[in-house]
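Residue numbers (the working numbering), protein chains in the order written: chain R, 7 to 240; chain U, 622 to 781. Okay, so here's the structure we're looking at.
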């Protein structure tokens with residue numbers, strides 16, 4: 007990985023770790039056999055690897071003849087391949103306890119994503135489209151003030167992570183609901199902020215929309231299952 | 622056991638990706654045209670914003686950066702994209718253009734001595750990307766591989 011992305015990676019790992027530590031004494035992963043720290047980091051690293059390989063192949067670069075190119079994460083990863091591979095590896099690592107592990111890791115995953123976006127600060131890479139709002143700022147040497155869109159995303163994801171963690175502790179949600187809400191929040195925050203982000207191709211908006219739809223469906227299914235269980239008991 | 626499976630999956634992925642990567646076939650494009658610092662400065666001082674991307678066929682990170690440059694040329698047709706090939710051989714440069722920049726809408730120039738990027742305020746390292754506003758004012762100089770958000774952000778700065 008290039009050094010310019012290390013700050014974002016460090017912020018992300020810090021966010022993930024802090025939320026895990028905050029939730030641990032509150033019985034977050036009680037009964038869950040999966041080591042969330044190991045499973046989370048392994049899944050993300052494997053996901054990035056697959057995403058980078060996919061981007062290389064798409065660009066016509068052979069990973070066998072140019073293996074060092076794999077570490078040039080900065081020159082592009084396939085977001086869709088990364089996300090799919092991350093979920094697949096997490097499912098593989100926690101297959102005996104998948105839904106409970108997904109619920110347990112959900113707030114920490116959101117906090118990690120928040121950290122990744124906040125990691126734009128050291129490299130001054132937070133800015134998006136033009137804005138005249140009081141908190142907008144300009145790139146060095148520019149008069150054009152812009153939305154700090156990555157900080158909007160970081161804030162949205164951090165708030166979602168904290169609210170989700172508190173809801174898990176106090177609200178006793180049905181199994182699968184926290185993971186579903188996390189999917190909705192992760193996709194929703196990106197969908198909302200995407201119009202303020204500048205990109206060459208518009209970004210993987212469909213992927214974010216799919217995340218919201220999938221999370222919504224998961225939420226409906228988890229509450230449906232809860233209702234069926236309570237009716238069976240009754 | 623899980624670790625062994627993961628390693629096997631990784632090895633399999635690398636092999637499959639290698640098999641999916643193809644080299645171009647057919648005639649090579651023309652090699653980059655020789656240019657001087659003064660000529661390049663005159664080109665970027667025109668009425669349209671311009672981007673000068675410094676690359677070389679022997680520069681491995683330039684290969685990873687090429688798709689971002691190519692995408693930028695397509696998304697910003699109002700910006701003049703110039704490829705400055707440095708310290709290279711004509712045949713190698715033409716092969717690089719055919720393999721990695723064939724679909725990029727840009728003009729390539731050559732600087733065998735590699736002096737022009739330094740004259741323009743850069744370094745002898747590659748890749749480098751210069752962003753010029755209308756009239757040739759240097760807005761930003763990016764050292765190393767440029768990522769897609771940075772490319773998009775500075776294109777938005779110069780293309781307005």
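Glycine included, C-beta positions come from ideal geometry on N, C-alpha and C.
Extent of the continuous beta strand (DSSP E) to which residue i belongs
i	result
residue 703 of chain U	701 to 707
residue 750 of chain U	749 to 753
residue 759 of chain U	759 to 764
residue 740 of chain U	Note, residue 740 of chain U: premise wrong, no beta strand (DSSP E); alpha helix (DSSP H) at 737 to 740.
residue 731 of chain U	728 to 732
Chain-ordered chain R contacts of residue i [CB-CB under 8 Å]
i	result
residue 684 of chain U	65, 67, 72 and 75
residue 689 of chain U	81, 82 and 206
residue 766 of chain U	8, 78, 80 and 81
Where residue i meets chain U, residues with beta-carbon distance less than 7 Å
i	result
residue 57 of chain R	The premise fails here: residue 57 of chain R is roughly 11 Å from chain U at the closest Cβ pair, so nothing lies under 7 Å.
Backbone secondary structure at residue i - three-state DSSP
i	result
residue 118 of chain R	helix
residue 230 of chain R	helix
residue 129 of chain R	coil
residue 40 of chain R	coil
residue 669 of chain U	coil
residue 102 of chain R	helix
residue 151 of chain R	strand
residue 653 of chain U	coil
residue 83 of chain R	coil
residue 693 of chain U	helix
residue 191 of chain R	helix
residue 124 of chain R	helix
residue 142 of chain R	coil
Straight-line gap, residue i to residue j (C-alpha atoms, nearest Å)
i	j	result
residue 105 of chain R	residue 208 of chain R	33 Å
residue 214 of chain R	residue 223 of chain R	14 Å
residue 770 of chain U	residue 749 of chain U	16 Å
residue 73 of chain R	residue 216 of chain R	32 Å
residue 14 of chain R	residue 32 of chain R	28 Å
residue 775 of chain U	residue 693 of chain U	11 Å
residue 125 of chain R	residue 16 of chain R	8 Å
residue 763 of chain U	residue 747 of chain U	10 Å
residue 200 of chain R	residue 767 of chain U	21 Å
residue 166 of chain R	residue 670 of chain U	41 Å
residue 648 of chain U	residue 158 of chain R	49 Å
residue 117 of chain R	residue 226 of chain R	24 Å
residue 112 of chain R	residue 19 of chain R	14 Å
residue 66 of chain R	residue 717 of chain U	12 Å
residue 181 of chain R	residue 699 of chain U	53 Å
residue 83 of chain R	residue 61 of chain R	5 Å
residue 68 of chain R	residue 168 of chain R	42 Å
residue 571 of chain U	residue 726 of chain U	What the structure shows of chain U is the stretch from 622 to 781, and residue 571 of chain U is not part of that stretch, so it cannot be assessed.
residue 123 of chain R	residue 99 of chain R	26 Å
residue 651 of chain U	residue 710 of chain U	12 Å
residue 129 of chain R	residue 229 of chain R	43 Å
residue 25 of chain R	residue 114 of chain R	5 Å
Proximal chain U residues relative to residue i, where beta-carbon distance stays under 8 Å
i	result
residue 148 of chain R	760 and 778
For residue i, the first and last residue of its enclosing alpha helix (DSSP H)
i	result
residue 173 of chain R	155 to 176
residue 711 of chain U	711 to 721
residue 21 of chain R	12 to 29
residue 777 of chain U	769 to 779
residue 72 of chain R	Run containing residue 72 of chain R: none; DSSP gives neither H nor E here.
Partner residues on chain U for residue i, Cβ-Cβ distance less than 9 Å
i	result
residue 145 of chain R	760, 761, 774, 775 and 778
residue 108 of chain R	Chain U residues near residue 108 of chain R: none, gap ~18 Å exceeds 9 Å.
Proximal residues of chain R, C-beta to C-beta of residue i below 7 Å
i	result
residue 771 of chain U	131
residue 800 of chain U	The displayed coordinates of chain U run from 622 to 781. Any statement about residue 800 of chain U would go beyond what the structure contains.
Listed by chain order, chain R residues near residue i by CB distance under 9 Å
i	result
residue 721 of chain U	65, 66 and 67
Handout entry: Near-chain R residues of the segment 690 to 701 of chain U (beta-carbon distance less than 7 Å), N- to C-terminal order
Key = 692, 693 and 696
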